Structures are given as C-alpha cells and as structure tokens.
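Protein chains: 4
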Amino acid sequence: MSAASESTGYLSFESRLKAMLMVEEALARALAQSGVISEEQATAVAEACQADSYDADVLERKGAKAGTPVIPLVRALIANAHSISESASRFVHLGATSQDILDTATVLQLKNAISRISDCLVCIESTFASRVKDNANTPVLGRTLLQAGPPISFGLKLAGWAAAARRARIRIEQAARTSLCLQFGGAVGNLSSLGSAGMDVAQNLANELDLPLPQAPWHTHRDALVNLASSAGILVGSLGKIARDISLHTQGEIAELREPSVSGKGGSSAMPHKRNPVGCMRILAAANRSPALVSSLLSAMPQEHERGLGGWQSEWPSLRDLFSLALEASSEMAEIAQGLEIDSERMRANLDTTNEVVFSERLSTALLPRFGRIEAQERVAELVRQSIEQNRKLSLVAAEDPEVRSVLDSEALDSVFNVFEALGFSSVFIDRLLDAAET
Amino acid sequence: MSAASESTGYLSFESRLKAMLMVEEALARALAQSGVISEEQATAVAEACQADSYDADVLERKGAKAGTPVIPLVRALIANAHSISESASRFVHLGATSQDILDTATVLQLKNAISRISDCLVCIESTFASRVKDNANTPVLGRTLLQAGPPISFGLKLAGWAAAARRARIRIEQAARTSLCLQFGGAVGNLSSLGSAGMDVAQNLANELDLPLPQAPWHTHRDALVNLASSAGILVGSLGKIARDISLHTQGEIAELREPSVSGKGGSSAMPHKRNPVGCMRILAAANRSPALVSSLLSAMPQEHERGLGGWQSEWPSLRDLFSLALEASSEMAEIAQGLEIDSERMRANLDTTNEVVFSERLSTALLPRFGRIEAQERVAELVRQSIEQNRKLSLVAAEDPEVRSVLDSEALDSVFNVFEALGFSSVFIDRLLDAAET
Amino acid sequence: MSAASESTGYLSFESRLKAMLMVEEALARALAQSGVISEEQATAVAEACQADSYDADVLERKGAKAGTPVIPLVRALIANAHSISESASRFVHLGATSQDILDTATVLQLKNAISRISDCLVCIESTFASRVKDNANTPVLGRTLLQAGPPISFGLKLAGWAAAARRARIRIEQAARTSLCLQFGGAVGNLSSLGSAGMDVAQNLANELDLPLPQAPWHTHRDALVNLASSAGILVGSLGKIARDISLHTQGEIAELREPSVSGKGGSSAMPHKRNPVGCMRILAAANRSPALVSSLLSAMPQEHERGLGGWQSEWPSLRDLFSLALEASSEMAEIAQGLEIDSERMRANLDTTNEVVFSERLSTALLPRFGRIEAQERVAELVRQSIEQNRKLSLVAAEDPEVRSVLDSEALDSVFNVFEALGFSSVFIDRLLDAAET
Amino acid sequence: MSAASESTGYLSFESRLKAMLMVEEALARALAQSGVISEEQATAVAEACQADSYDADVLERKGAKAGTPVIPLVRALIANAHSISESASRFVHLGATSQDILDTATVLQLKNAISRISDCLVCIESTFASRVKDNANTPVLGRTLLQAGPPISFGLKLAGWAAAARRARIRIEQAARTSLCLQFGGAVGNLSSLGSAGMDVAQNLANELDLPLPQAPWHTHRDALVNLASSAGILVGSLGKIARDISLHTQGEIAELREPSVSGKGGSSAMPHKRNPVGCMRILAAANRSPALVSSLLSAMPQEHERGLGGWQSEWPSLRDLFSLALEASSEMAEIAQGLEIDSERMRANLDTTNEVVFSERLSTALLPRFGRIEAQERVAELVRQSIEQNRKLSLVAAEDPEVRSVLDSEALDSVFNVFEALGFSSVFIDRLLDAAET
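Residue numbers (this note's numbering), protein chains in the order written: chain A, 377 to 815; chain B, 377 to 815; chain C, 377 to 815; chain D, 377 to 815.
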C-alpha cells in the first residue's frame, strides 16, 4: 500500500466511524460490567455497532450540518439497536456526550497511526545507522550557509540523521503515553448523569479500550493532545532537515547522493533524463505544511468553559492532516534510507576541487598562537587569494610562505592539510550518537 | 446540497481530475487552431478526455507516488486516445509540463469556488443591509474588552457586518482577476518545445479556457496566487468577527440574538433544552484553521529556480482547504443572516440593567470643560460608585450632585442620559457604509 | 518590576551580550583547564569579558550587518584582551564558531527565563489549588458552546486550572532538561580545530557553564530546542484557556468573577466606570501571538547541511518573543490568581435564572430506562418549552406531568433537580487533579 | 544607516510615541477648526505635544501595565498642557478613545515604512531590469526540482525577478491606499461624545493628518489592515524566492552568481576563505518569519463587539515585526541587486558539463510526431543512458542512431541541440514582463 493511501487508511472518516462505534460498543460493555445495564443489552448494542451497517458518507454529511457526526450516528445506532432489542436501544450512548465519543475515537485513531510511524522511525534509524561504519572515514565537504567549509565525516552526518529519527520516535512515544487516554465526562465533565456508577463505568470503559483513565475529563484542557501534535510536527521538521540535506547533495553539480530508483516515481512528464528526488520533495512538502497545522492546534487551545465553540471543532482536520503528513514523511524517508545511493568518490572529487581552501580555518588556527586570530586570518585570506588565482592547492602556496614556514614545519603543515585529521572527533560523536540509540 | 458536501464538490479530486482533462482537451484544440495538429486529431484527444473514462481513486494513488497526478493521467490519456486515433495519441500533452496542467486546473477550480463564494457574500451583505433600517434606532450595549460601554445602534452593527461582507467580496474578486490566469510554459517556462508556434498555442489555449494570458509563466512566482489565498483568509476572518459577535450575543445571560432554528442543526446529544449556535461554531472553526493555511502558502513562496522542490507541491492541499473553509463559512453566514432572530427588547433590558453607568463617559465629557479630563473622570467614578451601591440610576445620583448641577442644568443632564443622542453619528455611518455598497 | 520590563530583562540584547561574554569567558577557562592556554591568559580573557566594556547598541547594529553579532563582538573582545595581555588576545574564541557562542548564549538566557516562568507556574497552581476547597460545593452553570448546561462545581474548575498550570510547568521543565545543553563544535561540528584537546575542552566548558554536554553538536538539528519552544507555546495556550474562561465569567451580564483591582491597570481612557480584564487581555494577546512563533520555529527546522542559511538566523527573534510572552502570561496569571474575586452568590443567581431547564439532561436520563433516549429527550424538550413559556421551574412542570410521574416518584424527582447531586464526581476529580499535583 | 537600525527607526516605540503625539496635536487643531476649543487652547496642546518632553521607556513600561500606552501618555500630556494653559489641558484627547490614537499612530508609522519599502522595490526592479538586456541571450541551466533541465535565458530570470518586485510594490501601494486611513470613533465608534461637531472634527482631523476619512470607524473590522499586512508578507515571500535562487546559484559547485562584496558583511568567524551570501540569508530569515506574523494577524481578526479583548492588542508587535522584515528584506535585496556578480561563462560551463542530456526533452518532442510521447521518451532515455555511459554529447549519440536519423536530418538535429533556439520565447516574455513595468 502506498504511503498516501496508507495515511488515508489510518485517519480517514471510515476509520473514524469504526473508532466511534468501538467506543459506543465498549461503553455498552462497561455499563454492563458496572451493573447499569444487562449483559444481554450490552451484547445487543455491540451487535448494532458493526461498522458495515452504517453509511459513512451519509453520516459525514449529516454530521457536518449537525455540528458533530455523533448526533446522526447515535440516532442510527439506536435505530439499529432497536431492531435487535428494544430495551437495549434505550441505553445506547448512556452517560456520554458527543465529545466523549469523538475525543476517544481520535485517541484510538492516533494510537494506530503513531504505532506505524514508530515502525518507520525505527527503520530509518537502523538503516542510517547500519551505513555509518562504512562511511565513518568518508570525507565530504562540510557546508555552512551553503558555502564549502572544512571536510566532515559522512558517517557522522548519517549518525546525526539516525539519532534525529530516534529522538523523534522517543518524543512522540512519550507524548503518546501521557496524551492518549480516555475521554469520558458526560455533558459538562463531571460524570453526573450516571449517578453513583459513573467512575466505575469510566474505569471499565478505559479497560475495555485499553486506554489509561485520566485524572479528570479534559474536554477543554487540550495541552496533552497539542503536545502530541507538536511532537508530530517536530518529527516532520527533523525529517525535513534530512530531506533538505539529501536533496542538496543530489543536485546535478554536486551529485554526491541519489535517491533510490523506484518504478513509477521520480520521472518527469517532459524530461526523460531526469531522476527527481520525489521522496525528498514529498517530505519537504510535508515539512512546509506541518508547522501551520501545529499552530492551528495551538490557536485552538483557549477553549471556552466546558466545551469550546469553534476551537475544539477545528482540531480534527488539523490532527488528521498532521499525522497523515508524519506518516507519509516517515514512510518516504524509510524508503529513501533503504536505497540511498552514496557516491563517496564524488564526495572526494568535490572536496579536491576546492584546492584545499576549505582548510583555511585549520591553517589560521595553526598560525594563531603566533599571530593572533585577526592577523592569522588576514594572512590566510591572502594565501587563499593566491591559491584561487594560481589555481594551486593551498598547501603548496602555504608551504612557500616564509611567515607560515617560520611557524609550521613540514610535519605540522601536513597535519593541517590532512583530510582525516580534519574529521576531528567524528568517531567519538558517532559513538555517542549511536550508543544513545541503544539505551 | 449542504455546505460541507458543496465545498467538497468544487475542490474534490474528482473535480480536479475534470479540470485537468479540460485543460488537456483545450490544449489539443489550441494545437489544432495553431496548425500543429489536425482538427481530427484534436477531436480524438477531446473524446479521450471524457472524465468518466478515468478512475479518480487510482490516479490519485499513483499520482501521490509519482509526485504528480499528471504523470499517470497523461499515460492513461494516451492509452485512451490511442484506441480512438493512434496518430492523435502522439500529440497528447504536447508542449506542456505537469505544472502547466495542474496550475491551470487549480485556476479553473478556484474560479468556480470563488463564483459561489461571491454569491454567498452578496446574500450576506444584502440580507444584513435589509435589516439595518428597522434597527437603526435600536439601542444595544456597546461592549469593549467584553465590558459594557455606552449604547450603540444595532443597525450600525448590522451595517458594519454588511460592509465587511462587501469588502471581502470585492477583495477576492479583484484578486481573482489578476491571479486566475493561464499557466503554460513547458518544462522550464519558455515555451521552447513548440517551436515558433508556442505563443500562438498559448493564446489559443487561454481563449479556449476563457482565462487571461499572463505576462509570462509563473511556475515559481506565486505571489498573485498567494494574494488570492490571503483574500480568502481575510474573508474567513471577517466572517469570524461577525460569528464571534453573534455567538456572544446569543449567550444565555445576554440572549439578544439567536441563530435561526434549522432542523438537524444545533441540537445537543446530551442536553435537549439547548439551541447551539452551530453556524457560528463552524465559522469560528473555519476562522481558526484558515490563518495557518495562508501561512503555509506564504512559507512555500521561496520556490527554487524553475520548479520548486516541496514548496509548490505543498500548495494544493492548503488551497483546497482554505477555499473549502471560505465557501463553508460564507454559506453558513448567509444562512445565519437570513434567519437571525433579533430581540430588541432584550437589548433594551440589558441596557437598562446597567443603571445608566454606561453613560459615564458622556457625563464626564460634559463635565470636562469645567473640570478637565482627570478630575471629571474622578468625580464621575465616585457617582458611579454611589449608583452601584445604591442600585439607582446614574442620572438620579448625578442630578443630586451640586457640582454636577453647577455645570449641567436639567436639559443638559437629560441630553447626557438620552439613549438616542448617545447613538451619535450612527445614521451617518450607516449611510456611508451602505451607500458604498451601491458603488 | 513589571511583567513587561521583566521579560525584556531576561531576553534583551543586553542580556544576550552578557550571555555571549559568559560563554567566551568560560571557553578561556576551559582552554586553560585543558592546558591549551595558560591560567594567566585565561584570566586576562576573563577580564576582557566584562559586559560594561561593550556597547550593546553598536554591536547589535554591526551584528545585523555582519549576519551575526559574534563577529563584531569577537573583534572587540580581542581588542580589549590585547590591551590586557597581547598573548592572551591570540586565543580568544579559540575552537569556537559563531553559532557555538550564540546557541549557548541562547541556552543560558532561556534557562534563566524558564526558571522564572516555573516560579510563576508554581504560584498559579498553588494559588488556584488553595481556593478549591472553599469552592468545591459552589455550583456554577456549566457552559458548553457558550450555552448554559448542567451545573458544575466551581472548585473543580479551579482544580482544572491548577492542574493545567502544573502540567505546563512539568512539561517545560522536562523539555528544558533535554534541550538546554552546550553547543560547541567549531566550524563544521567536529571540534577538529582544537586537535586532540577538543573533547576535553568541550567537557570543561560544559562544566564551567553548568550545562550538560550533548551527544554531539546540534548546529542544524534543532528538534530539542523546538520541543522546548513548543512547550512554551502550549503553556501560553493553557493560560489562554484560563484567561478565556475568566474573561467570559467577568462579562457584565454574568459577573461571576472579577480580576483583582490593581492601581494603574484596567482603567479606560474614555469610560471611568469600567474595570477592564487587562490581565486576561494580555494573556489572550500572548495566546494569539505564540502559535505563530512556534510555527516559525518549526518552519525553520529543515536547515541546510552543517549550518542553515536563513532558518537558523530566523530562530532567535521567535524564541525571544515566545519566551517573553510565556513569562508575561505566567506573571499576569499569577497576579490574577492571587486576587481573583469569586462571587458565588452571583453564580447561584445565574443558575437560578435558568428555571432549572439546565437539568433537562438529568431529567431525560432519568426517563431513559422507560422511554429510550430519543423519546425521553422529546418529552423533556416539551416540558422545557412549557417551563420557558410559563416562566416556571422545570421541576414544577415535570412534577405535574403524568408520564414523568409514572416513572419518577417525588424522591426521584428531587434527586434529578438536586443541584449538589448534579455535581457528580466533582470531588473525586478534584482529589485526582490535586493529588497528582503532589507527585 | 543600516537596514537593521533603519527598520527600527520607522517602527520603534520612539517613533510610535511621536506618531501618537502627532495625532493628539492634530486632534487639538481639528477641535479648534470645528470651534469646539479655541485656537489658543489648540496651540497650547500642540506645544505640549513635543516628543522630547516624554520619556519613552517610562511610557512603554506603564503602558504595558495599563493595557495601552495611551493611558499614561494622556495623563502626562494633560500635565504638560496644564503647565502651559490650564484651560487647554481640559480638552486634551477630547472625543477620542485609546484605540483611535493607537490605530491612527499605526497608520502613520506604516505609511512612512511603506514609502521607504516602495523606494527599495523601485530600485530592485530597475536594477534587475537594467541588466536584462545584456543577459537576454545568456543561457543558463533551467533547474526543476533542483535537477538540471533545458537551458533558459538568464535575462528572463532577471526580468522575472524585476517583475516580481514591481508586482509587490503595486500590491502594497494599492493596499495602503485603502487601509491607511483615519481611526476616530470615540469609545464605541459612533463619535457620540463630541455632540453635533463629531463628523466635522473627524474630517478636520483626517485633513490635518493627510489621511482619508473611512466610511466608519473600523475598531473591530480589521480586514483592510490585515490585507495590507498580507501584501507585506507576500512581498517578503517574493524576495525570498529571489534570494533562494541567488543563494543556490552561489553554491561553490555552481558559482554562477556572487553576492556583492561589502565590508563587514559575509565574513565567517572561523573560515577566512568564505564569502557568505549574508544578504540572501537575511532575506530568507525574513521569509521564514513573516508567514507566521501574517497568520497571527489573521487569527486576531474575530475581535469581540466594539473593542477586542486580546486580538486587537496582539496586532502591533506582529505589524511592527512584519514591516521591519519587509523593509529589511527590500533594503538587502536592493543592495544585492546593485552589486550582483553574474558569471555567464560559468553558466555556460555548467551547461556544457551536462553533455547535452538536458536537451532530451527537445529531442523527444522532435521524435514525438513519429513515435508518440511514450515511445519517444523511452528511446531518448536510452540515448541519454548511452551519453552518460560513454561520456559523450547527446547530439553525437543521437546522430548515430538510425531511428533518430530516419526522422531528423542534420539540420533538424542541429536545431534540437541549438542552445539559443532552446531559449524559446524568452525575449517575448522579457518584453511582456518589462513593458508591464512601464504601465
């Protein structure tokens, strides 16, 4: 199943309808466990809750008009239950308010989506991590402000990507643990309409749905949910960072990386020679949309009194789109990671093309104990100018400069221009980044 | 058709598919008019462009993978054309790039949606305007920072709402005129692949689709489109302002307005006595989502070179949702405007409950030529305190104050506390607001 | 110090300059501890790092032009150090890149701001919690979609606010622990310019500044920082929810709460009788601005390679404003909490004004075992209609209805309309919300 | 003056204070013209309105507490006026509400800022336009999805940038004309406190300030202002697009453009060889921040009744930052435009490096009348593969292919691979883009 249809799958109105029915069914069972209704009645309601008895399109349309799909759904559910057991039908939805059903359905849908997102992130992390070792000593130009800088270890770059995927996963899983809990409070959140059975029903309902019972209903306190949404937004942002890097590496003039070749993907309708970074494109498109979705959810937080007017109702489309994007971006990045083509020779060639001017910081640092920062930088800037004008390696130009030679002997100069020494503490950072992955 | 399904109608993938096929068909006709292909070939392609030959779901899924639905669509279109005329099939999509088809399809979809939005705004404006006259002398509490202030004319409030709808309509129509134009530039925007016929084909294509020809392709210059989107966002914001006002007026303790009663709308799943302001709720929900959608489109503007990577591709979902919300909000507000229940007696009762303390600004202004602002306010504040403590009208308390009487005689005092004088230049402003509507 | 100037204090450019100098000083000390420079040199640099030697305005202006204030600062710092010790001046800034200094300065500034925010949140939580007990049995109208619903316990509402403040505090403190760590990686993040001493210097620098050492430099991996920013945005949103509630309760027609009276605050330049909810106003203004600031930070996440072009540089103003708003909102809410005037009599009066129609859900639930949901709701809706028409309490109307009486005896009816029974599990939820506060 | 301090200049609190005093002074003169106060009194108030009599820092701090700076300002102004003329001091601020002063001050500040922004945009447009002619026949790789495509005219790219600057200027100037008008309505927007003189004073005040008189006060109808803000956001987005392009062209491996070299700008604290695209960086940073600021203003639109609680108060910081960014980005881009280094030889070299595979679309289009799109693309894809493998020009490979030769003779093949023919209608588009500039 493609990423697109998959995300639709978890967060579609069809799955929403199923989740709502699952909550209504669990509520009937919980009411029976608490002795409010009979087992037979619960069974009849459960039977009436089979999703294929409901027309999702009709309910979606009526729900838009009514302000919530729960109103037409409960009406349809009562009718269905009535045809099975008149007495059971009287207790459908007992003790619940529309928001109880919708919020808990949201929680169930997000739980499924996040489980799949987690799997993708595990894959991204382990795939990038598995390629670190081979590339730990692969030098590639470091690039700051889109300009060439000293070389870095491509393995460290991979390890950084792996660790970002891990942090994203841990963050969303932690947020899920505190936010994905039952919503059940009745009309104004104090469970009053079930009399003394209220808390017992709530606990049974939580058990039925395998969800934690919160300290209290959270009808207009949305902080935990928005925190979960933020973690999804940050996740997409982190994948966006990786996609930005990869797409820049795949530019024709740079050509250090290529997205995997996948049939039906990345072709151009006008230009047959192209292999477009379509995976990165989709992830970057996701990274462009998700910040605004998070901001919409934050904007909706100041909800009025016991049920918000507009704020609450605006949440679901943003949540749906945000987690769809998170799922899509994770799934695309997992695919990219698994087939990413790394051209270490080209990396070296691009580095060599610079004639070593990217070692200028190392050279000026080496000269600094004698000249101080400013003079050292000025001297090196002059040598760089010569190197560019003469199209010669900076090491050669530097070796001919008497002032440089008065400070640095041949060995010292070799060290300055040694590409592997220039990788610094890359291997230490790699270990720290990947070890953390194991804890 | 309900607001929800209607907005889906204009901006659904089905309508998008139809619009794309309309562009491909028009392109074939334009190529024939320019003599690039024969009339027969154009007719064959046009025949192949009938929307019911295509499976929207399949194309949407394949398109997500390919990075654009145009790639699988053109493939299917060629196959269909081939079965009608092999020679015609060779020229399908000639000279176009995917973005030409998609952007022009977007333009066609938005044109339809905006036409419907305009109709709703005309209705909102004329409906509110039609009720101004009866309410021009209806005093209602002015409320600033959610606190009671001097009375205002409810007619002026209505005229303000009408004028806001008018400005929103004029703004979106103007933006549409400059932004809704043809996109046709080929792979990199210079029409090079059609040889010398390029501009002629472009002009014919524009004519076929009844769209203006832009100065140049706008593949990565999105300013006009984003300006149109902004006008939609502002429109929703203005309707949100009206919905905010109405919803606050409908609070039980205030009860000056009621949303129209519509079957299947505004009931509560738990509380039978309620008549919820569901129309306002949906408009406020729209007003909560639309700012972020506009920001997403603004964020996508810095698109790379001749076709953006991620930015362009992120636009459509935001445009679709934004114009759906604009359509939904306009449609809901038209419904509210037409059935809004205005309780002018309750407005008067709420005003009377304040014991005239809301006339304190008028009183202090009247005292100001004698005492200056600060002393006048302090004196009035003291009188207000007495009025509240004694639960007596401020005019009575003021009339007993010697300092007040030394400045204001009975007639002057009557004038200060005359509710109709307090309406100030309301009728002038009403005329200015509504006259403008006629220009 | 007022909230406004206080937030300026923590996050101003002056405090930023101090923080940058603190990092440069700590770097010199760390270099000495690692044996890279002498103790004397470190002491000289430290001496040159006294903030009053620098002109903040000049550095801010030059920094804007240079692209970062670190460039002119380091230049000025070298000049100052040179006048103390020529040899020391050579080693200023050794091993660091501009981003190391700026990011670590950001971390130090945020640490201070968050410490103050935490204090305010502790105050908000404990203040609201301290008033729960007295209000646990204070009934107030529950309000859903801005319409009156069944009564709730005002104590539970207070406990909900207290718990929201607690969660906000815990969330930002946790986020701070993982995000507020050292940034030190040199030009491209591998610490290569310090040779073998790099990691040792990094650890010493972390110790000097009392900051954790991260797994690796995070120059373009901003997830932890953005997560911290999100937690600030959520915090403001939660306070916005409380401010929204309070401001609605303070409307003149409702008048159940009043903001504390503070001199110089809440007056109107035109209307002397007003006491404006200025604290709520400022918090709601903050809640309006913060979502967009979070979204800006999320948008900036896909930063290029080893140092972003535009993304990174856009972060600071958003962080500064966001944490200023968080500080301001927390400080304002602490002030409101401490002086909030609660009018429980007015709450009761507003409840009584409804003639008990807000008990309709309880009544229909009581009738539901006999009639089922739909019929019960219809019967109750009819009774509510009579109650409103006759302006009589719903309990009286219901008591006269034979069908109702056939199900509910007098005791049962009394129970339905008992306002304290209607509070449901409020006391249980209060205990759960406040107990959690202690863990 | 640098861009940074300049933007501070127009939109600082100091300039805000001046603008507020200018409004108060103009109000006094208008009151005199309408005969409400005497000329002498007006002169005294005007004298009291000299900005250097006020401590901006103190007023800013007190204003934050009071909820608006107008309250402490009016108090100080009265005191100052009192020392000049007791009688004059009584009439300070007469008829106005705080929001009248603040909104009109905002309008005056924005008017100045926009005038300066317009100047910069004129400069950007004319500077880019002036370089079009020399580059109209300069081929450069077209790049779509960051991959090489067929060549384009660099002159057309420049013309596109020039036209974008022009549209941005026209849009913001048009928006300014409808939005930058007087705000004057008194406490609740009906001018009631000035008695019959109200409209006359309003018109005189508008004349004094050289601002249009709106149809009615717009205290809570913010659509025109938000439209102006949107136009600023779009402007920054358009400049962001240009900056994105330039920054990508300046990458070391591409090196087709260089930002101008400006002293004190673009250096690196660690890497002396670098010339960083600091102008682009600042513009891209602006383009990252501005979308969220626009969204904040859109979010604030649903303002309550006659004066919003939170929404209105949140506007100014967003407006200030947005127009500062617009000014900064315009000013930076003007500087870049004037000194942009264009390396047409490198453009040609980069194009040549592709071995003509970027002509593949032209080739497949030429083959299409014979083979149809799909087969033509497959054949060309095969030839491209050979070209890459053999490292030979595509034209040479194609010339040896019998199928190709059966369709295209030498002349036709030459035409396909003629780089100048590949520029298509560039010159036509250039004329259209630049001609429009003159209207």
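Every residue gets a Cβ at the ideal spot worked out from N, C-alpha and C, and that includes glycine. In this text, all values refer to a predicted model and were calculated from it rather than measured experimentally.
Nearest Cα to T741/C within the set L522/A, V733/A, L470/A, I610/A: L470/A. Within the stretch 650-667 of chain C, contact with chain D at the beta-carbon level (separation under 8 Å) is assigned to N652, P653, V654, C656, M657, R658, I659, L660, A661, A662, A663, N664, R665, P667. In the structure shown, Q753/D adopts helical secondary structure according to DSSP, grouped into three states. Counting along the chain, S429/A sits inside no beta strand (DSSP E), nor does DSSP assign it H or E at all. The C-beta distance from E401/C to A422/C rounds to 5 Å, short enough to fall under 8 Å. In terms of Cβ geometry, A608/A and Q689/B do not form a close pair [threshold 8 Å]. By the 16-neighbour rule on beta-carbons within 10 angstroms, F796/D is exposed. No residue range can be given for R466/C, since it is assigned to no alpha helix (DSSP H) and is classified by DSSP as neither H nor E. Of the other Cβ atoms in all chains shown, fewer than 16 fall within 10 Å of the Cβ of Q766/C; this residue is therefore exposed. Annotation: the continuous alpha helix (DSSP H) that includes R620/D extends over 599-625.
In this structure, L387/C sits away from Q475/C, with a CB-CB distance that is not shorter than 8 Å.
In the three-state DSSP reduction, L633/B falls in the strand class (E or B). Taking the C-beta atoms as reference points, R519/D is found nearer than 8 Å to E682/B. Taken through DSSP and simplified to helix, strand or coil, G518/C comes out as strand.
The C-beta of N794/D has fewer than 16 other C-beta atoms within 10 Å across all chains shown, which makes the residue exposed. Only exposed fits D433/A, as fewer than 16 other CB atoms lie within 10 angstroms of its CB. Using a 10 angstroms sphere on the CB of P778/D, the tally of other CB atoms stays under 16, which defines it as exposed.
The C-beta distance from L534/C to R507/C rounds to 6 Å, short enough to meet the 8 Å contact threshold. Secondary structure at P527/D: strand, using DSSP grouped into helix, strand and coil. Contact annotation, S568/C with P526/A: C-beta distance approximately 7 Å; criterion of less than 8 Å satisfied. Beyond the five residues adjoining it in sequence on each side, D599/B comes within less than 8 Å, by CB distance, of M677 in the same chain, given in chain order.
In the DSSP assignment, the residues bridged to R683/A are T520/C. Chain-order list of chain B residues neighbouring E629/C: E629, I630, N726, by C-beta distance under 7 Å.
Of the candidates R405/D, V498/D, G715/D, P693/D, the residue whose Cα lies closest to the Cα of N583/D is R405/D. Residues of the stretch 704-730 of chain A with a C-beta atom less than 9 Å from some C-beta of chain D are N726, T729, T730, listed in chain order. Inter-residue distance for E787/C and P653/B is about 35 Å (C-alpha atoms, whole angstroms). Annotation for M709/B: C496, I500, A541, L615, I618, A619, G655, I659 place their beta carbon closer than 8 Å to its own, counting only its chain and skipping 5 residues before and after.
In the three-state DSSP reduction, I718/D falls in the strand class (E or B). For the pair D431/C and Q559/C, the CB atoms are not nearer than the 8 Å cut-off. Taking 8 Å as the threshold, the shortest C-beta distance from Q689/A to chain B falls below it.
Contacts with chain D (Cβ-Cβ distance below 7 Å) from the stretch 503-536 of chain A involve L521, L522, Q523, A524, G525, listed in chain order. Counting C-beta pairs with one atom in each stretch, the stretch 741-752 of chain B and the stretch 692-711 of chain B have fewer than three that are closer than 8 Å, which means they do not touch. Any Cβ of chain D closer than 8 Å to the Cβ of S623/A would place that residue at the interface, and such an atom is present.
When 8 Å is used as the limit between beta carbons, L685/D is near these residues of chain C: S623, P653, C656, M657, L660, in chain order. Check the Cα spacing between G443/D and each of A505/D, G571/D, W692/D: the tightest is with W692/D.
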